[in-house]
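Colleague:
Protein chains in written order, with our numbering: chain Y, 3 to 492; chain D, 101 to 218.
See the structure below:
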């Protein structure tokens with residue numbers, strides 16, 4: 003047996019042990035705020051270790067787990083997302099009367115699964131990580147029990163999630179049948195060797211398409227997006243914010259690594275499929291979002307639309323010269339989306355009220371776009387922050403969303419997918435209508451909005467707004483880091 | 101390669117046809133005398149009392165889930181015990197970690213009152 007190099011997964015190990023201990027500590031701690039702070043401390047320690055590993059590479063566990071620039075970049079992003087998730091939940095769960103210590107433990111376990119996803123170099127690990135990140139999210143979606151909307155969200159997410167996991171497993175089985183290996187590196191050489199006989203390549207293509215279906219579900223790409231609006235609306239807002247960012251980052255990390263590493267030989271078959279999925283996702287997400295009056299549903303459809311934009315980065319994955327910048331653009335867009343997403347959800351949480359019938363979730367809860375009337379006058383800072391997030395989601399300068407979209411469209415044009423770039427620009431124009439409607443409501447309608455002011459919440463939207471603007475002015479260092487991160491992949 | 105599957109395809113088609121014919125002939129020519137007793141669900145010859153879907157205390161499910169969890173722990177012990185000498189200290193440490201993780205779950209369930217019946 004070769005010696006196991008545990009330093010490869012040290013951030014993961016630390017976080018796992020920390021989450022286990024947190025579960026025990028929480029049993030004896032009355033003040034759940036302490037649990038939240040301890041969870042954040044665990045994430046911070048893991049983030050410190052991850053950042054100390056920048057530049058380090060290696061594999062371990064029989065080449066099933068890999069540490070490289072890509073995994074370090076994604077893991078750092080995931081850990082920061084976890085910290086944002088805790089900052090959003092800290093006051094929110096108390097206010098909504100759902101303060102239970104398990105929230106933070108589940109969040110930590112989910113982050114562990116996401117990080118493992120970024121480090122997976124074997125389809126079995128991809129599957130394991132997919133389950134590890136999903137199962138805590140199913141529970142978190144239903145966390146506002148006995149609120150029926152939340153329970154519905156949890157059950158829907160669980161049933162459809164289990165269904166999509168079935169696709170991934172079947173895909174892995176077919177790939178294994180075609181190549182006799184589940185290791186990403188092994189699949190490439192087996193595929194190259196088998197390119198003379200067509201039958202096993204057919205199996206490989208079907209298998210990779212099934213994996214695409216399962217991961218497409220996780221990142222909410224059309225036509226696998228049906229669950230998204232209901233789950234995002236029903237789940238507690240703090241959970242939705244974490245789910246929208248974290249699950250998407252992890253899903254795309256797996257897609258990028260699996261397809262660009264294991265299936266480059268299938269590019270001629272898979273690229274058209276991804277291009278169509280990407281175009282459909284942008285069109286459907288943005289057009290249905292126009293009709294929404296509920297801010298949570300609006301952001302859910304916006305999240306679908308952004309899955310389409312990120313998928314665009316992934317279309318030219320078979321073209322040797324383009325793929326590196328394209329994947330770097332995808333990573334950059336993930337950062338920009340995560341930051342904007344947490345900011346926007348923080349504003350939603352600031353306006354959400356616990357009133358109404360708790361068992362049905364009906365009543366005035368401050369979740370309609372009409373409830374945002376008058377914020378511009380009463381809470382100028384909050385309104386300004388929300389304006390930044392809406393601009394960033396649309397892609398208007400000077401925000402991070404604009405820079406992200408610029409890199410994405412540039413990559414699509416470099417890969418000669420002109421039509422896709424045109425669709426991206428046109429759907430961005432459509433999206434301006436519903437994003438700016440929120441801004442118009444905030445500034446140009448009279449109203450008496452009620453907002454909540456909590457230190458951690460204010461810090462979240464404040465920091466997200468400032469970073470969204472500042473990083474967009476000097477995007478080069480972040481993009482360089484993303485480019486460095488993907489360099490060793492290809 | 102696909103030609104090898106023809107035999108299975110013919111077999112599936114033949115089995116389907118024969119089953120359809122057998123059931124279809126019975127439906128066509130068989131005598132039908134329906135009565136209320138015949139349409140009752142079969143419960144080993146005893147007359148059924150009440151509807152089949154009764155409400156069960158949810159505590160049974162909790163106990164069942166906990167049982168499965170700790171039952172699987174025992175199943176994992178068996179293969180480990182078989183190769184105990186080959187794995188040596190490494191296996192012992194792995195198993196200790198495994199038990200500690202389950203122990204954390206056990207303490208959690210215990211403290212949350214999942215093991216109390218009332």
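Every residue gets a Cβ at the ideal spot worked out from N, C-alpha and C, and that includes glycine.
Taking C-beta pairs closer than 7 Å, name the residues in chain Y that residue 163 of chain D reaches, listed in chain order.
Modeller: Here the premise fails: no neighbours, minimum Cβ distance about 20 Å.
Colleague: Applying the criterion that 16 or more other CB atoms from any shown protein chain within 10 Å of the CB defines a buried residue, is residue 156 of chain Y buried or exposed?
Modeller: Label assigned to residue 156 of chain Y: buried.
Colleague: Can you give the beta carbon distance from residue 277 of chain Y to residue 422 of chain Y, rounded, assuming they're within the 8 Å contact cut?
Modeller: The Cβ separation is near 6 Å, so the contact holds.
Colleague: List, from N- to C-terminal side, the alpha helix (DSSP H) runs of 4 residues or more that fit wholly inside the segment 4–47 of chain Y.
Modeller: Entirely contained in the segment 4–47 of chain Y, the alpha helix (DSSP H) runs reaching 4 residues are, in chain order, 12–30.
Colleague: Could you run through the segment 17–38 of chain Y and flag, in chain order, every residue whose CB is less than 7 Å away from some CB of chain D?
Modeller: Of all residues in the segment 17–38 of chain Y, 22, 25, 26 and 29 have a Cβ within less than 7 Å of some Cβ in chain D.
Colleague: Label residue 217 of chain D either buried or exposed according to how many other C-beta atoms from any shown protein chain fall within 10 Å of its C-beta, with 16 as the threshold for buried.
Modeller: Result: exposed.
Colleague: Which one of Y:348, Y:167 and Y:211 has the shortest CA to CA distance from residue 176 of chain Y?
Modeller: The candidate whose alpha carbon is nearest that of residue 176 of chain Y is Y:211.
Colleague: Residues of chain Y with a CB under 7 Å from the CB of residue 201 of chain D: which are they?
Modeller: Near residue 201 of chain D (Cβ distances below 7 Å), the residues of chain Y are 22.
Colleague: Terminal residues of the continuous beta strand (DSSP E) containing residue 163 of chain Y?
Modeller: Run containing residue 163 of chain Y: none in the beta strand (DSSP E); it sits in the alpha helix (DSSP H), 150–181.
Colleague: Three or more C-beta pairs under 8 Å: does that hold for the segment 74–93 of chain Y against the segment 329–338 of chain Y?
Modeller: At 8 Å Cβ cutoff, the stretches touch.
Colleague: Rounded to whole angstroms, what's the CA-CA distance from residue 199 of chain D to residue 192 of chain D? Just pull it up for me.
Modeller: Approximately 10 Å between the Cα atoms of the pair.
Colleague: Buried or exposed, going by whether 16 or more other CB atoms sit within 10 Å of the CB of residue 505 of chain Y?
Modeller: A query on residue 505 of chain Y cannot be resolved here, the shown segment of chain Y reaching from 3 to 492 and no further.
Colleague: Quick one: Cα of residue 480 of chain Y to Cα of residue 329 of chain Y, how far?
Modeller: Those two C-alpha atoms are separated by around 14 Å.
Colleague: Between which residues of its own chain and residue 183 of chain Y is the CB-CB distance below 7 Å, once the five residues before and five after are set aside?
Modeller: The residues are 189 and 192.
Colleague: Would a check of beta-carbon distances place residue 106 of chain D closer than 8 Å to chain Y?
Modeller: Closer than 8 Å: no.
Colleague: Would you give the residue range spanned by the alpha helix (DSSP H) that residue 405 of chain Y belongs to?
Modeller: Note, residue 405 of chain Y: alpha helix (DSSP H), 402–416.
Colleague: Hey, does residue 360 of chain Y have any beta-carbon neighbour from chain D nearer than 8 Å?
Modeller: Its pLDDT being 49, under 50, residue 360 of chain Y is placed unreliably in this model, and the coordinates cannot settle the point.
Colleague: Residue 142 of chain Y and residue 241 of chain Y: beta carbons closer than 8 Å?
Modeller: A contact, by the Cβ cut-off of 8 Å.
Colleague: Rounded to a whole number of angstroms, what is the C-alpha to C-alpha distance between residue 20 of chain Y and residue 201 of chain D?
Modeller: Their backbone Cα atoms lie some 12 Å apart in a straight line.
Colleague: Using a Cβ-Cβ cutoff of less than 8 Å, which residues in the same chain neighbour residue 462 of chain Y once the five nearest sequence positions on both sides are dropped?
Modeller: Correct list, in chain order: 86, 89, 90, 344, 345 and 348.
Colleague: Rounding to the nearest angstrom, what Cα-Cα distance links residue 95 of chain Y and residue 102 of chain Y in this structure?
Modeller: In a straight line, the C-alpha of residue 95 of chain Y is about 8 Å away from that of residue 102 of chain Y.
Colleague: Within 10 Å of its beta-carbon, does residue 157 of chain D have 16 or more other beta-carbons around it, so buried, or fewer, so exposed?
Modeller: Residue 157 of chain D should be labelled exposed.
Colleague: Check whether the Cβ atoms of residue 152 of chain Y and residue 238 of chain Y sit closer than 8 Å, and answer yes or no.
Modeller: Yes, Cβ-Cβ distance for residue 152 of chain Y and residue 238 of chain Y is below 8 Å.
Colleague: Measure from the C-beta of residue 206 of chain D to each C-beta in chain Y and report whether the shortest distance is under 8 Å.
Modeller: Judged by the 8 Å Cβ criterion, residue 206 of chain D is not in contact with chain Y.
Colleague: How should residue 116 of chain Y be labelled, buried or exposed, when 16 other C-beta atoms within 10 angstroms of its C-beta is the threshold for buried?
Modeller: Under this definition residue 116 of chain Y is a buried residue.
Colleague: Using a threshold of 8 Å, state whether the C-beta atoms of residue 173 of chain Y and residue 220 of chain Y are closer than that.
Modeller: Cβ distance not < 8 Å, so residue 173 of chain Y and residue 220 of chain Y don't count as in contact.
Colleague: At the level of alpha carbons, what is the spacing between residue 247 of chain Y and residue 186 of chain D?
Modeller: Roughly 45 Å between the two C-alpha positions.
Colleague: Quick one: Cα of residue 382 of chain Y to Cα of residue 249 of chain Y, how far?
Modeller: Near 32 Å, if we compare the C-alpha coordinates of residue 249 of chain Y and residue 382 of chain Y.
Colleague: Show which residues of chain Y have a CB atom less than 9 Å away from the CB atom of residue 211 of chain D.
Modeller: Correct list: 26, 29 and 30.
Colleague: What is the DSSP secondary structure of residue 296 of chain Y, reduced to helix, strand or coil?
Modeller: Of the three classes helix, strand and coil, the one that applies to residue 296 of chain Y here is strand, per DSSP.
Colleague: Check this for me: beta carbons of residue 107 of chain Y and residue 25 of chain Y, under 8 Å apart or not?
Modeller: Cβ atoms of residue 107 of chain Y and residue 25 of chain Y: closer than 8 Å.
Colleague: Can you tell which of Y:180, Y:452 and Y:444 has the C-alpha that lies nearest to the C-alpha of residue 351 of chain Y?
Modeller: For residue 351 of chain Y, the nearest C-alpha among the options comes from Y:452.
Colleague: Give me, in chain order, the residues of the same chain whose beta-carbon lies closer than 6 Å to that of residue 224 of chain Y; leave out the 5 immediate sequence neighbours on both sides.
Modeller: Excluding positions up to five away in sequence, the list reads 282, 283 and 286.
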